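J.: Take a look at this one; I'll ask things after.
Numbering (the working numbering), first residue to last: 5 to 279.
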C-alpha cells in the first residue's frame with residue numbers, strides 16, 4: 005500500500021551513518037545529495053540533504069514514519085542493536101495490534117519500528133476492532149533473541165513501510181481529504197487523532213493535532229517530510245481517485261513516480277498504481 009517516504013535532512017552523511025549503524029538500513033544507491041535506503045529490496049526511505057536546513061518547529065508534516073518488521077524476533081534484534089549502539093530511544097508501546105519502539109533521527113524526524121500481532125488478535129470477543137496503548141513487555145521481546153541464529157545482518161528483506169503518522173492542522177479537514185477524496189477507511193477516531201486504512205489493516209495512516217493544531221506548513225527548506233508514496237492496486241483504482249481529486253478542485257502535479265497531491269495541511273502524497 006505504501007511506497008517510500010522522502011525526508012529532508014540537514015547532514016546526509018550523519019543521517020546515513022545513523023540509519024545504517026543504529027537501524028540496519030542498507031543504502032541501495034546514491035544520486036548527488038539524495039540517498040535511497042531500504043532492506044535490500046524496494047526503497048523504503050529516501051533522504052535528501054537540504055543545505056542550511058531550518059530545524060523542526062511547530063509545523064504540520066511528519067509525526068513519524070513506521071517501519072514494519074516481519075516478526076517479534078526481528079523487533080528484538082533491532083532493539084538489541086539500538087542498545088548496543090547506545091542510540092537514544094523515545095519510548096515503547098504495546099498497541100494491542102502491534103508492539104513498537106519509538107525514536108528520532110539526528111534531525112528529530114520521528115521513527116517507529118514495530119511488529120504486528122496476527123489479525124485475529126486485533127478484535128475482541130464481540131468482533132470489535134481494538135487498538136490502544138499499553139506498556140510494552142520489553143523483557144518478553146528481548147527473550148525472542150534465544151531463537152536467533154547467527155549475527156544480525158540488518159533489516160530483514162521483507163521489511164516494509166507499514167504506516168505513516170502525520171501532523172495535521174485540522175482532523176476534520178484531514179478526514180475530508182483522506183477519507184472523502186482518497187478513499188481510506190476509518191479504523192479509529194479519538195478526537196485529536198485519526199487512524200485510517202485500506203483493506204482492513206489496523207492503519208496505513210495516522211494523523212493528529214497534538215503538536216500542530218492550526219499550524220502552518222513547514223517551509224520548503226526545512227528538515228522533515230518531503231512526500232510519501234501511496235500505491236493503488238490498479239490503474240482503474242488510481243483513475244477513480246484522480247477523478248475525485250479533480251471533482252474536489254484540488255491541484256494535481258505530475259511527478260516522476262505518478263501524481264502528487266497535497267492534503268489540507270500541505271503534506272505531499274504521491275499516488276501510483278500497481279507497484
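Glycine included, every Cβ here is placed at the ideal spot set by N, Cα and C. Nothing here was measured: the structure is a model prediction, and the numbers come from that model.
Taking the alpha carbon of residue 47 as the reference point, which residue from 70, 147, 151, 165 has its own alpha carbon closest?
T.: The count along the chain shown starts at 1 and reaches residue 47 at position 43. The option with the nearest alpha carbon to residue 47 is 165.
J.: Let me know the beta strand (DSSP E) ranges lying completely inside the segment 6-43, each 3 residues or longer, listed in chain order.
T.: Entirely contained in the segment 6-43, the beta strand (DSSP E) runs reaching 3 residues are, in chain order, 6-13, 30-35, 38-42.
J.: Applying the 10 Å Cβ sphere with the 16-neighbour rule, what's the burial state of residue 149?
T.: Walking along the chain shown from the start, residue 149 turns up at place 145. By the neighbour-count rule (16 or more Cβ atoms within 10 Å), residue 149 is not buried but exposed.
J.: Shortest alpha-carbon distance to residue 102 belongs to which of 81, 141, 114, 112?
T.: By 1-based counting over the chain shown, the position of residue 102 is 98. Among 81, 141, 114, 112, the Cα nearest to that of residue 102 belongs to 141.
J.: Which same chain residues, not among the five before or five after residue 7, have their C-beta less than 8 Å away from its C-beta?
T.: Taking the first residue of the chain shown as 1, we reach residue 7 at position 3. So the qualifying residues of the chain are 46, 47, 165, 232, 233, 234, 235, 261, 274, 276, 279.
J.: So who's on the other strand from residue 71, going by DSSP bridges?
T.: One-based indexing of the chain shown puts residue 71 at position 67. Beta-bridge pairing links residue 71 to 117, 165.
J.: Does residue 215 pass the burial test, meaning 16 or more other C-beta atoms within 10 Å, or should it be called exposed?
T.: Counting from one through the chain shown, the residue named residue 215 turns up at place 211. Its Cβ having fewer than 16 others within 10 Å, residue 215 is exposed.
J.: Can you list, in chain order, the residues of its chain with a C-beta nearer than 7 Å to that of residue 259? Leave out the 5 residues immediately preceding and following it.
T.: One-based indexing of the chain shown puts residue 259 at position 255. 274.
J.: CB residue 228 to CB residue 66, shorter than 9 Å?
T.: Residue 228 sits at position 224 when you count from the first residue of the chain shown. Residue 66 sits at position 62 when you count from the first residue of the chain shown. Taking 9 Å as the Cβ cut-off, residue 228 and residue 66 qualify as a contacting pair.
J.: Can you list, in chain order, the stretches of the beta strand (DSSP E) that have 3 or more residues and sit fully within the segment 143-208?
T.: Listed in chain order, they are 164-171, 189-193, 197-201.
J.: To the nearest angstrom, how far is it from the Cα of residue 211 to the Cα of residue 63?
T.: Working through the chain shown from its first residue, we reach residue 211 at position 207. Working through the chain shown from its first residue, we reach residue 63 at position 59. About 13 Å.
J.: By the three-class DSSP mapping on this structure, what secondary structure does residue 236 have?
T.: Numbered from 1 along the chain shown, position 232 holds the residue referred to as residue 236. Correct three-state label for residue 236: strand.
J.: Whole angstroms is fine: what's the gap from residue 114's alpha carbon to residue 213's?
T.: Taking the chain shown and counting its residues from 1, the one referred to as residue 114 is at position 110. Taking the chain shown and counting its residues from 1, the one referred to as residue 213 is at position 209. Between residue 114 and residue 213, the C-alpha separation is close to 15 Å.
J.: Kindly indicate which three-state DSSP category residue 267 falls into: helix, strand or coil?
T.: Sequence index remark: in the chain shown, residue 267 carries index 263 (1-based). Here residue 267 sits in coil by DSSP.
J.: Please report the straight-line C-alpha distance between residue 151 and residue 175, rounded to a whole angstrom.
T.: Along the chain shown, one-based indexing puts residue 151 at 147. Along the chain shown, one-based indexing puts residue 175 at 171. When rounded, the distance between both Cα atoms is 43 Å.
J.: Report all residues from its chain with a CB closer than 6 Å to the CB of residue 246; omit the five preceding and five following residues, and keep chain order.
T.: The residue given as residue 246 occupies position 242 in the chain shown. Nothing meets the Cβ criterion.
J.: Report back the beta-carbon spacing between residue 87 and residue 96 to the nearest angstrom; my notes put them in contact at under 8 Å.
T.: Reading the chain shown from its first residue, position 83 is the one you call residue 87. Reading the chain shown from its first residue, position 92 is the one you call residue 96. Not quite, the Cβ-Cβ distance comes to about 12 Å (not below 8 Å), so this is no contact.
J.: Per DSSP, residue 102 is paired with what?
T.: Along the chain shown, read from residue 1 onward, the residue named residue 102 stands at position 98. Beta-bridge pairing links residue 102 to 120.
J.: Considering residue 215, what are the terminal residues of the alpha helix (DSSP H) in which it resides?
T.: For the purposes of this step, residue 215 is taken as the residue at position 211 of the chain shown. Per DSSP, residue 215 belongs to no alpha helix (DSSP H) and is neither H nor E.
J.: With hydrogens ignored, establish whether the beta-carbon of residue 196 is closer than 8 Å to any heavy atom of the ligand SAH.
T.: As for the ligand SAH, it is missing from this structure, which has no ligand bound.
J.: Using a Cβ-Cβ cut-off of 8 Å (strictly less than) and excluding sequence neighbours within five positions of residue 195, which residues of its own chain qualify?
T.: If you number the chain shown from 1, residue 195 lands on position 191. Around residue 195: 175.
J.: Based on the DSSP output, what are the partners of residue 312 in its beta bridges?
T.: What is shown of the chain runs 5 to 279, which leaves residue 312 out entirely.
J.: Under 9 Å between the Cβ atoms of residue 161 and residue 15?
T.: To locate residue 161, count along the chain shown from 1; it is residue 157. To locate residue 15, count along the chain shown from 1; it is residue 11. No; because the gap between Cβ atoms is not below 9 Å, this pair is not in contact.
J.: In the structure shown, what three-state DSSP assignment does residue 251 receive?
T.: As a first step, residue 251 is located in the chain shown; it is residue number 247 there, counting from the start. The answer is helix: DSSP assigns residue 251 an H, G or I state.
J.: DSSP three-state label for residue 58, please.
T.: The residue you call residue 58 lines up with position 54 of the chain shown. Strand.
J.: Would you report the Cα separation of residue 158 and residue 74, rounded to the nearest angstrom?
T.: By 1-based counting over the chain shown, the position of residue 158 is 154. By 1-based counting over the chain shown, the position of residue 74 is 70. Using only the alpha carbons, I get a separation of about 13 Å.
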